[in-house]
Amino acid sequence: MYKLQRIFSGFILLSVQVVSGIINSILDIKYFYQKRVALAKYQEILDYVKTQNLPLDTSEVLKLPDHLVNISHDGLVQVLHTSDDTYCVAIMIKYTPGATQRVQGIFACDFPLTPRYLTKIPDICHRINMLGEYQKPYKVAWAFTNLEVDKQYNDCLFAVHCHLN
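Residue 126 in this note's numbering sits at position 146 of the sequence shown, with consecutive numbering throughout.
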């Protein structure tokens, strides 16, 4: 009887691992395609955000229009309108819950990031930090601080990830 329980428990654990692996693979494939769409449509998203007339020196979470809603994991984008009248958008595509919550996505802005905002640590990583000089707190500050750069496409477009915990 005990041996049968061990076999059954082992089978259940193995099944959970297989199903978990399949789900993770599906999510990775979904992220790959959503990221491709976000890279193709980032300028359209920036243009949409600029039409929302956010006050200078603020950040907001904005709902994407219907034809762009499937790009981010929740249909929203985090937007920063700087005091210099420039815009930055964090498009969070993949959210991984758990003990160390992680989001992956695209960071785009309408101006080239300078070393003031893009910290480069040779052979380790690059980080984007946008809020250093601002005095007041932001609603979605996490979306613009300590973003680790996975890939830099140009001076205005980056694949990023962030640990929320």
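Where is the CB? At the ideal position from N, CA and C, for every residue including glycine.
Note that the structure is a prediction, hence the values are computed from the model and not measured.
Within the same chain, and ignoring the five residues on either side of Val17 in sequence, the residues whose Cβ sits closer than 7 Å to its Cβ are Ile51.
Here the C-alpha atom of Leu26 lies approximately 8 Å from the C-alpha atom of Cys68. Note on geometry: alpha-carbon atoms of Asp135 and Gln58 lie some 19 Å from one another. The Cβ neighbour count for Val140, taken over all protein chains shown within 10 Å, is at least 16; the residue is labelled buried.
If you ignore the 5 residues before and after Gln32, its C-beta comes within less than 7 Å of the C-beta of Leu42, all in its own chain and listed in chain order. Tyr22 and Ile86 do touch by the CB rule: their CB atoms are close to 6 Å apart, below 8 Å. In the displayed model, Ile51 falls within coil according to three-state DSSP, outside both helix and strand. For the options Val(-1), Leu127, Ser0 and Leu144, the alpha carbon positioned closest to that of Ala79 is the one of Leu144. When secondary structure is reduced to three states using DSSP, Arg82 falls in the strand class.
In this structure, DSSP gives Tyr97 a state outside helix and strand, which the three-state scheme calls coil.
Exposed is the label assigned to Phe(-9), since fewer than 16 other Cβ atoms lie within 10 Å of its Cβ. In the structure shown, Phe138 adopts extended strand secondary structure according to DSSP, grouped into three states. Put simply, of Phe138, Arg96 and Asp103 the residue whose alpha carbon is nearest the alpha carbon of Met110 is Arg96. Beta bridge pairing from DSSP links Leu60 with Ser39 and Cys68. The continuous alpha helix (DSSP H) containing Gln23 extends over residues Tyr(-18) to Lys30.
Here DSSP, grouped into helix, strand and coil, assigns Phe87 to strand.
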